[in-house]
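Q: Let me begin by handing over the structure; questions about it come next.
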Amino acid sequence: MYLADLFAAGLAIGCVYSLVALGFAMIIRATGIIHFAQGELLMLGSMSALSTLWLMPRLPAVLLLACGMIASGALAVAMEFLVYRPLRLRRVPLMNVITATVGMSILCINAARILWGSEPLRYPELFSSSAYGIFGVRVSPQLVWIMLFGVVLMGLLQLFLKRTRTGLVMQAVAQDAEVAQLMGANLTRMMAYTFAIAGMMAGAAGVMFGSLFFSFFEMGFVLGIKGFVAATLGGLGSLAGAMLGGIVFGLIETFSAVYVSSAYKDAIGMVLLIAILLFLPSGLVGLWKRRS
Amino acid sequence: MTKIVTAAILAALFALPFFGPHPFILHMLSLVAISATVALGLQLLLGFSGQLSIGQAAFYGIGAYASGLLSTRLGLPFPAAFAAAGLAAALASLLMVPITRLSGAYLAVATLGFSILVFLLLKNEEWLTGGSFGLMGIPRASLFGHVITQPGHAYLLCVSVAALVYFSLLRLERSRFGRAINAIRQNEDAARACGVQVTLLKSQCFVIAAFVAGLAGSLYAHQVRYLAPTDFTFWKSVEILIMVVIGGMGSLFGAVLGAAVVVLLPEVLREVGDYRMLVFGAILMAVMLFGESGIAGFLGQCLKPFSKR
Amino acid sequence: MPEALLEAVALSRRFGGLVAVDAVDFSVRAGAIHGLIGPNGAGKTTLLNLIAAALPASGGTLRFHGEDITRWGPARRARAGIRRTFQNLKLFSEMTALQNASLGLHAGTRAGIFAALVGTPSQRREEREIADGARRALEFVGLAAQADVVAAKLPYGHRRLLEIARAIAAQPALLLLDEPAAGLNATEAANLAGLIRRIQAQGTTVVLVEHHMDVVMTVCDTITVLDYGRKLAQGAPLEIQRSPEVIEAYLGGGDEPPAAHAVA
Numbered sequence: 041m042y043l044a045d046l047f048a049a050g051l052a053i054g055c056v057y058s059l060v061a062l063g064f065a066m067i068i069r070a071t072g073i074i075h076f077a078q079g080e081l082l083m084l085g086s087m088s089a090l091s092t093l094w095l096m097p098r099l100p101a102v103l104l105l106a107c108g109m110i111a112s113g114a115l116a117v118a119m120e121f122l123v124y125r126p127l128r129l130r131r132v133p134l135m136n137v138i139t140a141t142v143g144m145s146i147l148c149i150n151a152a153r154i155l156w157g158s159e160p161l162r163y164p165e166l167f168s169s170s171a172y173g174i175f176g177v178r179v180s181p182q183l184v185w186i187m188l189f190g191v192v193l194m195g196l197l198q199l200f201l202k203r204t205r206t207g208l209v210m211q212a213v214a215q216d217a218e219v220a221q222l223m224g225a226n227l228t229r230m231m232a233y234t235f236a237i238a239g240m241m242a243g244a245a246g247v248m249f250g251s252l253f254f255s256f257f258e259m260g261f262v263l264g265i266k267g268f269v270a271a272t273l274g275g276l277g278s279l280a281g282a283m284l285g286g287i288v289f290g291l292i293e294t295f296s297a298v299y300v301s302s303a304y305k306d307a308i309g310m311v312l313l314i315a316i317l318l319f320l321p322s323g324l325v326g327l328w329k330r331r332s
Numbered sequence: 004m005t006k007i008v009t010a011a012i013l014a015a016l017f018a019l020p021f022f023g024p025h026p027f028i029l030h031m032l033s034l035v036a037i038s039a040t041v042a043l044g045l046q047l048l049l050g051f052s053g054q055l056s057i058g059q060a061a062f063y064g065i066g067a068y069a070s071g072l073l074s075t076r077l078g079l080p081f082p083a084a085f086a087a088a089g090l091a092a093a094l095a096s097l098l099m100v101p102i103t104r105l106s107g108a109y110l111a112v113a114t115l116g117f118s119i120l121v122f123l124l125l126k127n128e129e130w131l132t133g134g135s136f137g138l139m140g141i142p143r144a145s146l147f148g149h150v151i152t153q154p155g156h157a158y159l160l161c162v163s164v165a166a167l168v169y170f171s172l173l174r175l176e177r178s179r180f181g182r183a184i185n186a187i188r189q190n191e192d193a194a195r196a197c198g199v200q201v202t203l204l205k206s207q208c209f210v211i212a213a214f215v216a217g218l219a220g221s222l223y224a225h226q227v228r229y230l231a232p233t234d235f236t237f238w239k240s241v242e243i244l245i246m247v248v249i250g251g252m253g254s255l256f257g258a259v260l261g262a263a264v265v266v267l268l269p270e271v272l273r274e275v276g277d278y279r280m281l282v283f284g285a286i287l288m289a290v291m292l293f294g295e296s297g298i299a300g301f302l303g304q305c306l307k308p309f310s311k312r
Numbered sequence: 004m005p006e007a008l009l010e011a012v013a014l015s016r017r018f019g020g021l022v023a024v025d026a027v028d029f030s031v032r033a034g035a036i037h038g039l040i041g042p043n044g045a046g047k048t049t050l051l052n053l054i055a056a057a058l059p060a061s062g063g064t065l066r067f068h069g070e071d072i073t074r075w076g077p078a079r080r081a082r083a084g085i086r087r088t089f090q091n092l093k094l095f096s097e098m099t100a101l102q103n104a105s106l107g108l109h110a111g112t113r114a115g116i117f118a119a120l121v122g123t124p125s126q127r128r129e130e131r132e133i134a135d136g137a138r139r140a141l142e143f144v145g146l147a148a149q150a151d152v153v154a155a156k157l158p159y160g161h162r163r164l165l166e167i168a169r170a171i172a173a174q175p176a177l178l179l180l181d182e183p184a185a186g187l188n189a190t191e192a193a194n195l196a197g198l199i200r201r202i203q204a205q206g207t208t209v210v211l212v213e214h215h216m217d218v219v220m221t222v223c224d225t226i227t228v229l230d231y232g233r234k235l236a237q238g239a240p241l242e243i244q245r246s247p248e249v250i251e252a253y254l255g256g257g258d259e260p261p262a263a264h265a266v267a
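If you want it as structure tokens, here you go:
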């Protein structure tokens, strides 16, 4: 049943990637920028939740997740109001905004290194250590809970975007900000919500990843890129694509790491990224649209 | 006027060793010259043709390791290793050529991905590069059989290369090629409508920037004589980007100034050391917010009353 | 029968389900000033963009000097002698007027990286030729005094002229003007009409998309009218003004039918 373990692991990490990818997709749709600091939102959520756990060791997993999400969400909104929005208002060229997000990323990583040190930090056991039996297959509870959390969060996001008034306005702004404004949308607030949600998704992903492996100040760098790979694989700008891309990439990476060298595990994502950008820029979703 | 100033600066730079400064200062200034060389390449790529590459460290590293390996394993004399380093980096950049048709942020991410791949190769292929243990015992640079042992001579070598690259890029900037790549940056559609072969020129910029970074890498290898993969991570690419941004996007002189600031500031302000990258991240954002002409632009403003016009 | 410089056969452009240009047959006689008009949304700018290869064609063929250029990209067409201006100006805003005009001469010249680095005699000669050609282009449109002014600082009317200067610097065989009179006042429009005629006198064929009917009617030798992406009519200005189908198309769409008041 080794295959089942791999499959579960792939799905779990896939959920993490999907959440990060969703953040990328939402921000790209709303602002057109690739948010280089997205991975740092994941990292800061992960570290903040861990700090909270140190203060309150008996915190249940759900609340821990909430802590991470709130921290990242708040930070994302701060980034938007302190840096990104002023840049947009000054109408600086897109490249400058992107460079600024690179700067933000560097700032966050180094701030984290100063605050939390450079050693990896372990999450204490969040769930029972005995494996669950699902359909007769033994799966680690960590993986199950992560998949569960991931699916629930993504489902809630979809519900929010499609069924609530705010969600619909956010989608309108993403499609055409000018027209949405003419229809009365408060652009500032909608952008803030977009960043808040993208941040919360990243924070949740950070807590999940931390509980699976560990937290460290540079975790956002690699996970951010991989989240971006996932978003690109699915089809940049598509929320469904982000979710699909995350799962698919998680599976590809997990299985390749076993059958290809594990030292080059990260390389798989990089090669896939460049390949997609060059040969399939509209991603899996684009491929599916072309078929139908 | 500018010609006199330039000549004066050059004379001062070349005369410096004869005033007997401390070897450590000469070493640091050599590093500044080396960094300036890489930064100049990025200035061509980013400041002139508008392509954001956050992966220049990959070419810097390829050049460094190529030169180091060729001289330690094959005993190649420095001039050959130096040239080979540039060529190796340039050849590697040909792999990136398909990426040049990507726009803005996607190009940046692709360069990032590429540099991560190069880093992984440097780290994992121990049989070739020594992996995480690094490459040791790289000989000093030598010219015409004469080994450069004095820090002053090494300094002069680095400054000469930097000056050569600087003036070459200056000529390019003022030529038909330079106008065309600036046009690409300012308005790609209009450049096409003038018959500019956009993808070709963008690729040429990439190759030149990589070649220059490779040369700088070679100098670096023979200056510090020990290489580790961790010298060539994303952080190094970011440092190079900071040099260009702080110095002023589009200004060759700015790239040199930026290199000086980035390399020397942590030494001058010892306390800053640990917070170095933090400060640089903040500076990056600040410059984007408040105007991208950087130090060079600021100096230009100060000197306006003195210029002929 | 004078030879057609540019010939489009069944040229089409679709955006998903929308047909912007519908199998248009369009031919431009060498040496003529050919106007392209139609009510809003008729597909005029799209057709111009197809000729300039700013958009790929969805169907049909395009021939220039008898050669099939349908698959050629914009840079290649520019090098072949098809130049254009843009509806929303695309100047190189950080460059001076002279530098902008110099880029118009990029395609005909050859000095590359090596020549620039070494400074060969032919490269230096070429630079002088480019500078001279650029100055002449600026003089031709009346911007000689603004040669060293940065494009972003020029007033709107001068920026429009600069785009034209850049496009004609290489004395192209075919010049595509995309609403060159947009935003110009009556005097500037009159000057523009005169400029277009002087460009024709130099031997350049002109295709002109324009809403400003005074300019169109006084300057054009032939006019093609588009409506809903299809060619509605083609002929001399007077015929077009009197054509019932054309009037119907404009009135039906709520636009003013093309009447002319003498411009120059």
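Residue numbers (the working numbering), protein chains in the order written: chain A, 41 to 332; chain B, 4 to 312; chain C, 4 to 267.
We put the CB at the ideal spot given by N, CA and C, even for glycine.
From what residue to what residue does the beta strand (DSSP E) around lysine 307 of chain B run?
A: On the second sequence, position 304 is the one that residue 307 of chain B refers to. From DSSP, lysine 307 of chain B is part of no beta strand (DSSP E); its letter is neither H nor E.
Q: Nearest-angstrom Cα distance between proline 36 of chain B and glutamine 46 of chain B?
A: For the purposes of this step, residue 36 of chain B is identified with residue 33 of the second sequence, where counting begins at 1. For the purposes of this step, residue 46 of chain B is identified with residue 43 of the second sequence, where counting begins at 1. The amino acid at residue 36 of chain B is misidentified as proline; the sequence shows alanine. So the alpha carbons of these two residues sit roughly 15 Å apart.
Q: Given a cut-off of 8 Å on the beta-carbon distance, is the pair leucine 175 of chain B and leucine 120 of chain C in contact?
A: Looking up residue 175 of chain B in the second sequence gives position 172. Looking up residue 120 of chain C in the third sequence gives position 117. Cβ atoms of leucine 175 of chain B and leucine 120 of chain C: closer than 8 Å.
Q: Please list the partners that valine 199 of chain B has in chain C, where partner means a Cβ-to-Cβ separation under 7 Å.
A: If you number the second sequence from 1, residue 199 of chain B lands on position 196. By Cβ distance, chain C contributes Ala78, His109.
Q: I'd like to know whether the C-beta of alanine 3 of chain B is nearer than 8 Å to at least one C-beta of chain A.
A: In this structure chain B extends from 4 to 312, so residue 3 of chain B is not present and cannot be described.
Q: Would you mind stating whether alanine 239 of chain C and threonine 225 of chain C have Cβ atoms separated by less than 8 Å?
A: Residue mapping note: residue 239 of chain C aligns to position 236 of the third sequence, counting from 1. Residue mapping note: residue 225 of chain C aligns to position 222 of the third sequence, counting from 1. Yes, the pair counts as a contact, with Cβ atoms nearer than the cut-off.
Q: So, at 7 Å on beta carbons, what are the nonlocal neighbours of glycine 84 of chain A in its own chain, with the 5 sequence-adjacent residues on each side left out?
A: As a first step, residue 84 of chain A must be located in the first sequence, where it is residue number 44. Here the sequence assigns leucine to residue 84 of chain A, which means glycine is not the residue at that position. Closer than 7 Å at Cβ, skipping near neighbours: Ala111, Ser112, Leu115, Cys148, Ala152.
Q: DSSP beta-bridge partners for glutamate 70 of chain C?
A: As a working note, residue 70 of chain C is residue 67 in the third sequence. Note: glutamate 70 of chain C sits in a beta bridge opposite C:Phe67.
Q: How would you list, in chain order, the residues of chain B whose beta-carbon sits under 8 Å from the beta-carbon of arginine 128 of chain C?
A: Residue numbering aside, residue 128 of chain C sits at position 125 when the third sequence is read from its first letter. None at all; the shortest Cβ gap to chain B is about 12 Å.
Q: Which runs of the beta strand (DSSP E) fall wholly inside the segment 137-193 of chain C and span at least 3 residues, in chain order?
A: For the segment 137-193 of chain C, whole beta strand (DSSP E) runs of length 3 or above, ordered along the chain, are 177-181.
Q: Sort A:Leu313, A:Gly239, A:Thr272 by Cα distance to phenylalanine 117 of chain B and report the nearest one.
A: On the second sequence, residue 117 of chain B is found 114 positions in, with the first residue counted as 1. Of the candidates A:Leu313, A:Gly239, A:Thr272, the one whose C-alpha sits nearest the C-alpha of phenylalanine 117 of chain B is A:Leu313.
Q: Residues of chain B with CB closer than 9 Å to the CB of valine 123 of chain A, please, in chain order.
A: Position 83 of the first sequence, counted from the first residue, corresponds to residue 123 of chain A. Per Cβ cutoff of 9 Å: Met288, Met291, Leu292.
Q: Could you give the distance in angstroms between the alpha-carbon of phenylalanine 235 of chain B and the alpha-carbon of proline 124 of chain C?
A: On the second sequence, residue 235 of chain B is found 232 positions in, with the first residue counted as 1. On the third sequence, residue 124 of chain C is found 121 positions in, with the first residue counted as 1. In a straight line, the C-alpha of phenylalanine 235 of chain B is about 42 Å away from that of proline 124 of chain C.
Q: Helix, strand or coil for histidine 30 of chain B? Go by DSSP, reduced to three states.
A: As a position in the second sequence, residue 30 of chain B is number 27, starting the count at 1. Here histidine 30 of chain B sits in helix by DSSP.
Q: Determine which residues of the segment 277-310 of chain A have a Cβ less than 7 Å from any Cβ of chain B, and write them out in chain order.
A: Within the segment 277-310 of chain A, the qualifying residues are Ala303, Tyr304, Asp306, Ala307, Met310.
Q: If we call anything under 8 Å between Cβ atoms a contact, is methionine 310 of chain A one with isoleucine 243 of chain B?
A: Along the first sequence, one-based indexing puts residue 310 of chain A at 270. Along the second sequence, one-based indexing puts residue 243 of chain B at 240. Not in contact: methionine 310 of chain A and isoleucine 243 of chain B (Cβ atoms no closer than 8 Å).
Q: Compare the C-beta of leucine 47 of chain B with all C-beta atoms of chain C and state if any pair is closer than 8 Å.
A: In the second sequence, the residue the question calls residue 47 of chain B occupies position 44. Not an interface residue.
Q: What in chain B is Cβ-close to alanine 151 of chain A, meaning under 7 Å?
A: Residue numbering aside, residue 151 of chain A sits at position 111 when the first sequence is read from its first letter. Neighbours of alanine 151 of chain A on chain B, chain order: Leu281.
Q: Is DSSP giving glutamine 205 of chain C helix, strand or coil here?
A: For the purposes of this step, residue 205 of chain C is taken as the residue at position 202 of the third sequence. It is coil, neither helix nor strand.
Q: Determine contact between the segment 76-84 of chain B and the segment 140-152 of chain B, defined as no fewer than three beta-carbon pairs at a distance below 8 Å.
A: Yes, the segment 76-84 of chain B touches the segment 140-152 of chain B.
Q: How is the alpha helix (DSSP H) around aspartate 217 of chain C delimited, first residue to last?
A: Counting from 1 along the third sequence, the entry for residue 217 of chain C is found at position 214. Here the alpha helix (DSSP H) through aspartate 217 of chain C covers 216-222.
Q: So if DSSP puts leucine 39 of chain C in a beta bridge, which residue, or which two residues, is it bridged to?
A: Along the third sequence, read from residue 1 onward, the residue named residue 39 of chain C stands at position 36. Beta-bridge pairing links leucine 39 of chain C to C:Val212, C:Thr227.
Q: Note down, in chain order, every chain B residue with its Cβ under 7 Å from the Cβ of glycine 326 of chain A.
A: Taking the first residue of the first sequence as 1, we reach residue 326 of chain A at position 286. Near glycine 326 of chain A there are no residues of chain B at all, since even the closest Cβ is about 14 Å away, more than 7 Å.
Q: Whose Cβ in chain B lies nearer than 7 Å to the Cβ of valine 60 of chain A?
A: On the first sequence, residue 60 of chain A is found 20 positions in, with the first residue counted as 1. The premise fails here: valine 60 of chain A is roughly 14 Å from chain B at the closest Cβ pair, so nothing lies under 7 Å.
Q: For the structure I just gave you, are there three or more beta carbon pairs, one from the segment 118-138 of chain A and one from the segment 57-64 of chain A, closer than 8 Å?
A: Taking 8 Å as the limit for Cβ pairs, the verdict is that the segment 57-64 of chain A does not touch the segment 118-138 of chain A.
Q: Any contact of the segment 290-306 of chain B with the segment 8-24 of chain C, i.e. 3+ C-beta pairs under 8 Å?
A: Short answer: they don't touch.
Q: What's the C-alpha gap between isoleucine 287 of chain A and serine 302 of chain A?
A: Numbered from its first residue, the first sequence carries residue 287 of chain A at position 247. Numbered from its first residue, the first sequence carries residue 302 of chain A at position 262. C-alpha separation (whole angstroms): 19 Å.
Q: Apart from the five residues just before and just after phenylalanine 17 of chain B, which ones in its own chain have a Cβ nearer than 8 Å to its Cβ?
A: Here the question's residue 17 of chain B lines up with position 14 in the second sequence. Within the same chain, phenylalanine 17 of chain B has close Cβ partners Leu159, Val162.
Q: Let me know the alpha helix (DSSP H) ranges lying completely inside the segment 165-233 of chain A, each 4 residues or longer, listed in chain order.
A: 181-203, 205-215, 217-222, all fully within the segment 165-233 of chain A.
Q: Have a look at alanine 114 of chain C and phenylalanine 95 of chain C and give me their C-alpha separation to the nearest angstrom.
A: Counted from its first residue, the third sequence places residue 114 of chain C at position 111. Counted from its first residue, the third sequence places residue 95 of chain C at position 92. Alanine 114 of chain C and phenylalanine 95 of chain C: Cα-Cα distance of roughly 21 Å.
Q: Would asparagine 127 of chain B count as contacting chain A if we go by Cβ distances under 8 Å?
A: By 1-based counting over the second sequence, the position of residue 127 of chain B is 124. At least one chain A Cβ lies under 8 Å of asparagine 127 of chain B.
Q: With a cut-off of 8 Å, does the C-beta of alanine 299 of chain B fall near any C-beta of chain A?
A: Counted from its first residue, the second sequence places residue 299 of chain B at position 296. Not closer than 8 Å to any Cβ of chain A, the Cβ of alanine 299 of chain B fails to qualify, so no.
Q: Any beta-carbon of chain C closer than 8 Å to the one on arginine 104 of chain B?
A: Counting from 1 along the second sequence, the entry for residue 104 of chain B is found at position 101. Taking Cβ atoms only, chain C never reaches closer than 8 Å to arginine 104 of chain B, which makes this a no.
Q: Let's test the definition: count the other Cβ atoms within 10 Å of the Cβ of methionine 223 of chain A and tell me whether it reaches 16, buried, or not, exposed.
A: By 1-based counting over the first sequence, the position of residue 223 of chain A is 183. Result: exposed.
Q: If you follow the alpha helix (DSSP H) that alanine 45 of chain C is part of, which residue opens it and which one closes it?
A: Here residue 45 of chain C corresponds to residue number 42 of the third sequence, with the count starting at 1. Looking at the DSSP string, alanine 45 of chain C is not in any alpha helix (DSSP H), and its letter there is neither H nor E.
Q: Using a Cβ-Cβ distance cut-off of 8 Å, determine whether threonine 49 of chain C contacts chain B.
A: Sequence index remark: in the third sequence, residue 49 of chain C carries index 46 (1-based). So, not an interface residue.
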